[in-house]
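Heads up, the thing below is written out as structure tokens.
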Amino acid sequence: MRIRFWGTRGSLPVSITAGGIKRKIVEALLAAAGRNLRTGSEIEAFVERELPFAVSHTYGGNSSCVQIDIGAEDYFLCDLGTGARLFGHHVMAQKGPAAPGTFHVFMSHTHWDHIMGFPFFAPAYIAGNRIVIHGCHADLEQVFRRQHAAPCFPVEFDRLPAKIEFVRLEAGKRHRIAGLEVTPKLQLHSGDSYGYRFEHGGKVVVYSTDSEHKPDDARLTQGFVDFFRDADLVIFDAMYSLADAVSVREDWGHSSNIVGVELCQLARVKHLCMFHHEPVNDDAKIASVLQETVRLEEITRGDHTVRISSAYDGMEIVV
Amino acid sequence: MLVTTKRYADVLVVAAAGRIDYQNADEFKAALMPHLENCGAGRDQVVLDLSQLDYISSAGLRVLMIAAKEVRARQGKLLAVTLQPVVREIFEISRFTLVFDIFDSVQEALAKISPLALAAYESKSP
Ligand SMILES: [Zn+2]
Ligand SMILES: [Zn+2]
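The listed protein sequences derive, respectively, from chains A and B.
Per the working numbering, residue 1 is the first one in the first sequence, and the count goes up by one each step.
Per the working numbering, residue 1001 is the first one in the second sequence, and the count goes up by one each step.
Structural data, given as structure tokens:
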């Protein structure tokens, strides 16, 4: 499976500011001072290999949208945040608007940051496309219709040329959808959210965002350990620090890097990818949290190693 | 996991030892909370001695957060002392360093909050 992250930001899409870009350029030029970089390829190599990611790149600011590519003709997406806009354009550019396609979407929940990309999802505007929106919430269709309704959006839902279907999934049950095995799990979040465990070709990827954990509740913890068990990759809501998550932001519905590492250690997960970044955090902050989390995994490691990364818009992980 | 206490004048030193994780966090909570009942402004102050604590997970940290809130609600003080390097890093990464005043020794903490307790401590441990 190839996982492509189209949107990784939590709660609200953000953009790097003019000042942020300038700071990166100043840092990059400082790092390059005295270096004999003459050709484009020398500079490219320097940027790629020697500059820290947070200086040479950005984590991006689109809200949640992750593609699960199993090499099939159908497309699979988790959530329709603003990252879905880029995905839609990418698909249209790749296959051309004339070729119809089927898009399966798995919705964690219907908070705005997870649906707001749909009005700008190009495949919905092309007749012949089929979009199947899967989820465990009873009011899934209603929420999507409401988002398209006046006075908030000019194109009514019923005028979208693509064929759009809604499929209700049962949590805790294993479903087979277009060749992909999917098991949803109920998570703690305002209005409920669902994580998805995807299995294909002997590989397991878990998408678990907008999910609060109660670390001292052994039963809930064990439920997530079972859900994550032996996964090759877990995409995990690590929006807050633990201190915030269990105090001022308790019951806000999100989790922390610490809980992510612990659950992945207990479940013997191979790779933890932190996701749903706090909008307030800039690239340097997200990079420093990543560094700390890598360190936490090292100092608390038993006989199992968990690889740690932090998702960015445009990132790809192959499992 | 083991919780023991020692009193020095108006300060109760609560020592937690071993490992605290999601499986014994409840036990830790049950062992810790009764010691906070007498704390408050003009009454007991509590110092958490973590010198024998080898590991603490988010579950244990959540108990410490509950303890800190409880003590704060009573206008008391809860200090943490002598964190082992691993526990110290866990506190830093989880941002619990912002929740607790952390000192390098029991003596240092007592010096900060109670001269009486410091005198009692120094007379007991020459
Ligand atoms: Zn969200
Ligand atoms: Zn949400």
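For each residue, glycine too, the CB sits at the ideal point set by N, CA and C.
In the DSSP assignment, find the alpha helix (DSSP H) that holds residue i and state where it starts and stops.
i: residue 252(A); result: Careful: residue 252(A) lies outside any alpha helix (DSSP H) and carries neither H nor E.
i: residue 1075(B); result: No alpha helix (DSSP H) contains residue 1075(B), which DSSP labels as neither H nor E.
i: residue 148(A); result: 140-148
i: residue 1115(B); result: 1115-1124
i: residue 46(A); result: 40-50
i: residue 271(A); result: From DSSP, residue 271(A) is part of no alpha helix (DSSP H) but of the beta strand (DSSP E) over 271-275.
i: residue 291(A); result: 283-300
i: residue 56(A); result: 53-56
i: residue 309(A); result: Where residue 309(A) is concerned, there is no enclosing alpha helix (DSSP H), although the beta strand (DSSP E) it sits in stretches over 307-310.
For residue i versus residue j, is the C-beta spacing smaller than 9 Å?
i: residue 276(A); j: residue 64(A); result: yes
i: residue 217(A); j: residue 237(A); result: no
i: residue 1036(B); j: residue 1067(B); result: yes
i: residue 162(A); j: residue 133(A); result: no
i: residue 79(A); j: residue 106(A); result: yes
i: residue 205(A); j: residue 3(A); result: yes
i: residue 313(A); j: residue 9(A); result: yes
i: residue 191(A); j: residue 111(A); result: yes
i: residue 243(A); j: residue 1086(B); result: no
i: residue 199(A); j: residue 181(A); result: yes
i: residue 234(A); j: residue 263(A); result: yes
i: residue 103(A); j: residue 140(A); result: no
i: residue 1054(B); j: residue 1088(B); result: no
i: residue 316(A); j: residue 5(A); result: yes
i: residue 271(A); j: residue 232(A); result: yes
i: residue 1060(B); j: residue 1021(B); result: yes
i: residue 1084(B); j: residue 1105(B); result: no
i: residue 1033(B); j: residue 1016(B); result: no
i: residue 1113(B); j: residue 1069(B); result: no
i: residue 51(A); j: residue 73(A); result: no
i: residue 75(A); j: residue 55(A); result: no
The beta strand (DSSP E) that contains residue i, what's its start and end?
i: residue 104(A); result: 102-106
i: residue 11(A); result: Taken as a continuous stretch (DSSP letters only), residue 11(A) belongs to no beta strand (DSSP E), as it is neither H nor E.
i: residue 76(A); result: 75-78
i: residue 1045(B); result: 1045-1049
i: residue 222(A); result: Taken as a continuous stretch (DSSP letters only), residue 222(A) belongs to no beta strand (DSSP E), being part of the alpha helix (DSSP H) at 218-228.
i: residue 200(A); result: 193-200
i: residue 184(A); result: 180-187
i: residue 1012(B); result: 1011-1020
i: residue 1087(B); result: Not the beta strand (DSSP E): residue 1087(B) falls in the alpha helix (DSSP H), residues 1085-1094.
According to the neighbour-count rule (16 or more other Cβ atoms, all chains shown, within 10 Å of its Cβ), is residue i buried or exposed?
i: residue 310(A); result: buried
i: residue 119(A); result: buried
i: residue 251(A); result: exposed
i: residue 304(A); result: exposed
i: residue 25(A); result: exposed
i: residue 1139(B); result: In this structure chain B extends from 1001 to 1126, so residue 1139(B) is not present and cannot be described.
i: residue 1044(B); result: buried
i: residue 241(A); result: buried
i: residue 1039(B); result: buried
i: residue 159(A); result: exposed
i: residue 212(A); result: buried
i: residue 333(A); result: Coverage of chain A is limited to positions 1 through 319, which leaves residue 333(A) absent and any answer about it impossible.
i: residue 122(A); result: buried
i: residue 151(A); result: exposed
i: residue 1090(B); result: buried
i: residue 1093(B); result: buried
i: residue 156(A); result: exposed
i: residue 248(A); result: exposed
i: residue 278(A); result: buried
i: residue 253(A); result: buried
i: residue 1058(B); result: buried
Cutting at 8 Å between CB atoms, please list the residues of its own chain near residue i, excluding the five before and the five after it.
i: residue 274(A); result: 236, 238, 257, 260, 289, 290, 293, 308, 309, 310, 311
i: residue 1062(B); result: 1025
i: residue 265(A); result: 297, 300, 301, 302, 304, 306
i: residue 246(A); result: 215
Keeping to the same chain, check which residues put their C-beta closer than 6 Å to that of residue i; ignore five residues upstream and five downstream.
i: residue 1048(B); result: 1014, 1080
i: residue 184(A); result: 136, 169, 171, 194, 196
i: residue 100(A); result: 128, 129
i: residue 1064(B); result: none
i: residue 1102(B); result: 1080
i: residue 1109(B); result: 1047, 1079, 1081, 1103
i: residue 1008(B); result: 1117, 1120, 1121
i: residue 268(A); result: 230, 304
Short of 7 Å in beta carbon distance, which residues of its chain neighbour residue i, apart from the five on each side in sequence? Order them along the chain.
i: residue 318(A); result: 2
i: residue 32(A); result: 46
i: residue 1075(B); result: 1040, 1041
i: residue 126(A); result: 97, 161, 162
i: residue 82(A); result: 7, 13, 62, 63, 116, 117
i: residue 148(A); result: 119, 155, 156, 157
i: residue 228(A); result: 206, 234, 263, 264, 267, 269
Residues surrounding ligand 2 [beta-carbon distance to nearest heavy atom under 7 Å]: 109(A), 111(A), 113(A), 114(A), 189(A), 190(A), 193(A), 210(A), 253(A)
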